[in-house]
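Numbered by the numbering used here, the letters in the sequence shown go through residues 6 to 91 in order. Worksheet for the structure shown next.
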Amino acid sequence: MVERQREPLLEDVCSRNECSIQGLAAVEAGNGNAAEAARLLGRADLLLGETGIARDTFDATLVTDAEASARSQLGDRAYEAAYLTG
């Protein structure tokens, strides 16, 4: 029996949970819910760190833009505080 080589899927790179959390963070940042966006980014980074997957594997621009938006709305100190609750 010949084994087919499997094509890499999104879940091979980033589990659905972490990617979904990053996507939700982007939505929250876009809706002006900066504290929730920061908290979600913190949670996603925590989970990604546990799995050893890079933060920007899913969509670097999406995550970077969400963080920049949340930081600009909250300021660095408040962003970091919210991020650490994630």
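Just so it is clear, CB atoms sit at the ideal spot from N, CA and C, and this is done for glycine as well. All figures in this text were calculated on a predicted structure; none of them were measured in a lab.
- Could you tell me whether any Cβ in chain B is nearer than 8 Å to the Cβ of residue 83? The structure shown contains no chain B; it holds only a single protein chain.
- Message: I'd like to know whether the C-beta atoms of residue 71 and residue 46 end up nearer to each other than 8 Å.
- Response: Position 66 of the sequence shown, counted from the start, is the residue given in the question as residue 71. Position 41 of the sequence shown, counted from the start, is the residue given in the question as residue 46. Yes, the pair counts as a contact, with Cβ atoms nearer than the cut-off.
- Item | Alpha-carbon to alpha-carbon, residue 22 and residue 42 | If you number the sequence shown from 1, residue 42 lands on position 37. If you number the sequence shown from 1, residue 22 lands on position 17. Between residue 42 and residue 22, the C-alpha separation is close to 15 Å.
- Could I get the ranges of all uninterrupted alpha helix (DSSP H) runs contained in the stretch 24–89, with 4 residues as the minimum, in chain order? Entirely contained in the stretch 24–89, the alpha helix (DSSP H) runs reaching 4 residues are, in chain order, 39–56, 65–79, 81–89.
- Compute the distance between the beta-carbons of residue 48 and residue 91, then report whether it is under 8 Å. Here residue 48 refers to the residue found at position 43 when the sequence shown is read from its first residue. Here residue 91 refers to the residue found at position 86 when the sequence shown is read from its first residue. For residue 48 and residue 91, yes; Cβs fall inside 8 Å.
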